[in-house]
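Following: one structure in structure tokens, then a few remarks.
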Amino acid sequence: MSFSDFLFPKRCVECGEHGSYLCESCIKKVGPPRLACPMCSRPSIDGMTHSKCLRPHSINGAYSLWGYNGVVRKAILGLKYKFASQIAEDLAEFVINNLEKSKLTFGKNARFTTIPLYWRRENWRGFNQSELIGRAISSKLGWDFKPDLLKREKFVKPQTELRGEERRQNIRGVFALNSKYQLTNQLINQSLILFDDVWTTGATIKEAAKVLKRAGAKQVWGLTLART
Ligand SMILES: [Zn+2]
Ligand SMILES: [Zn+2]
26 MSFSDFLFPK
36 RCVECGEHGS
46 YLCESCIKKV
56 GPPRLACPMC
66 SRPSIDGMTH
76 SKCLRPHSIN
86 GAYSLWGYNG
96 VVRKAILGLK
106 YKFASQIAED
116 LAEFVINNLE
126 KSKLTFGKNA
136 RFTTIPLYWR
146 RENWRGFNQS
156 ELIGRAISSK
166 LGWDFKPDLL
176 KREKFVKPQT
186 ELRGEERRQN
196 IRGVFALNSK
206 YQLTNQLINQ
216 SLILFDDVWT
226 TGATIKEAAK
236 VLKRAGAKQV
246 WGLTLART
């Protein structure tokens with residue numbers, strides 16, 4: 026037990042049970058997401074892109090672990106504020122258990138990256154919550170974590186203020202490969218997992234996947250904690 030556990034005992038963010046920020050019984054109540062092909066939004070196994078929907082630069086699939094409700098939603102919102110790194114650790118445990126039960130295999134050499142935030146927003150929050158949990162997951166699974174693969178090219182409106190087609194327009198051209206990876210061809214034939222907290226329309230992750238595919242990545246999968 027650490028000093029901070031003594032001062033602030035861990036309690037489930039949903040039911041208040043002691044021991045963890047997410048308890049087993051509340052996690053069980055959060056239903057699985059409706060997994061679908063990221064291109065046509067029709068159902069697909071594990072969120073894989075249908076072969077007829079796949080284009081040269083499109084994402085290969087998008088897997089989410091939970092619906093965006095209950096304890097998962099509260100923990101994701103909580104990540105933005107208090108005890109973020111401890112909540113991230115607890116969430117990462119459940120992510121790994123859940124992934125082990127799925128049929129997905131990303132392989133030992135998978136590389137893990139996240140969607141970059143605006144530096145301004147990041148500074149204001151003090152951290153990037155996806156990076157925090159991405160780091161926790163990859164260190165447990167032995168994946169190579171490259172949080173700086175992508176960078177923001179331009180400043181756009183927050184996606185939460187926009188809907189459907191507007192989101193797609195807004196995000197176009199927003200990401201670029203970080204210049205330190207541009208000359209090294211490090212992505213050629215690589216499998217990459219693009220991590221984010223919540224999949225809403227998928228516009229952001231699909232746009233980021235396109236940049237990674239153009240840089241030579243063979244497979245790009247989206248992985249999100251939750252899906253609305
Ligand atoms: Zn609970
Ligand atoms: Zn499809």
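Quick note on the numbering used here: the sequence shown kicks off at 26 and runs consecutively. Don't be surprised by glycine CBs; every beta carbon is placed ideally from N, CA and C.
Item: Check: Met73 C-beta below 6 Å from any heavy atom of ligand 2; Value: no
Item: C-alpha distance - Trp246 paired with Lys205, whole-angstrom precision; Value: 22 Å
Item: Outcome for Ser89 when other beta-carbon atoms lying within 10 angstroms are tallied against a minimum of 16; Value: buried
Item: Pro255, buried or exposed, once every other Cβ within 10 Å from all chains shown has been counted against 16; Value: The chain is shown only over 26 to 253; residue 255 falls outside these bounds and no answer can be derived.
Item: Best match in Pro172, Arg160, Arg239, Asn214 for proximity to Gln111 [C-alpha to C-alpha]; Value: Arg160
Item: Ligand 1 heavy atom lying under 6 Å from the CB of Glu39; Value: yes
Item: Anticipated Cβ contact below 8 Å, Ser45 with Lys53, distance rounded; Value: That pair is no contact at about 13 Å.
Item: Proximity test, Cys51 beta-carbon vs ligand 1 heavy atom, cut-off 6 Å; Value: yes
Item: Buried versus exposed, by CB contacts within 10 Å (16 or more), Leu138; Value: Per the sequence shown, residue 138 should be read as Thr rather than Leu. When all chains shown are included, Thr138 counts as buried.
Item: Contacts around Leu237, its chain only, beta-carbon distance under 6 Å, and the 5 residues preceding and following it disregarded; Value: Leu217, Val245
Item: CA-to-CA distance, Asp222 to Lys77, given in whole angstroms; Value: 28 Å
Item: Completely contained alpha helix (DSSP H) runs for the stretch 101 to 141, where each covers 4 or more residues; Value: 109 to 126
Item: Per-residue burial, Glu125 [other beta carbons within 10 Å of its own, 16 or more giving buried]; Value: exposed
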